[in-house]
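Under this note's numbering, the first residue of the sequence shown is numbered 37, with each subsequent residue one higher.
C-beta: ideal position from N, C-alpha, C; glycine also.
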Amino acid sequence: MSSKINDDLISSYHSAVYHFGVEPSSIGLCIDQFSEPLSRVIADSGDRCAVFISAYNPGSLIQSSESNRAAHDRLHDDLRSYSNRIIEGVASDPSGAWPPEKGFLAVGVDLVTAQRLGNHYGQNAILWTDEDAIPRLVLLR
């Protein structure tokens, strides 16, 4: 499937680390890499999938802090309809080219719902995994 997202941005998504949980014991996820801690979170919840999703900077266009916080809060409210386990997170770019973006790991959100939420919040992509605990980049544009 071709995408409207440029290759450099897709590469940035692949380089990012997607943390969830509270420092100093937060868990970092990398695209296409198995995560034992994520596997435990999914299994312990009794679900079979999870999404890492953000409402920050829709379309990769930098927004104000206030706008990002408001969208983040709305996303959290929406996720509560689909998940009993929502964990605060942040996506960070190790190179520092992109500012950190808050997001959530939400367990039990199926792929179709995750894509719909990502589109609703104007995101280019989400991370989604089934019970294999290998986060995959799902491009939405």
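- Query: In three-state DSSP terms, what is A161?
  - Reply: strand
- Task: Flag this pair as yes or no: are the beta carbons of Y92 and K40 separated by less than 8 angstroms?
- Result: no
- Three-state secondary structure (DSSP) at A107? Note: A107 maps to helix in three-state DSSP.
- Report the three-state DSSP secondary structure of Y54 (helix, strand or coil). strand
- Around the C-beta of G132, are 16 or more other C-beta atoms found within 10 angstroms, so that it is buried, or is it exposed? exposed
- Report yes if the CB atom of A86 is closer than 8 angstroms to the CB atom of V174, and no otherwise. no
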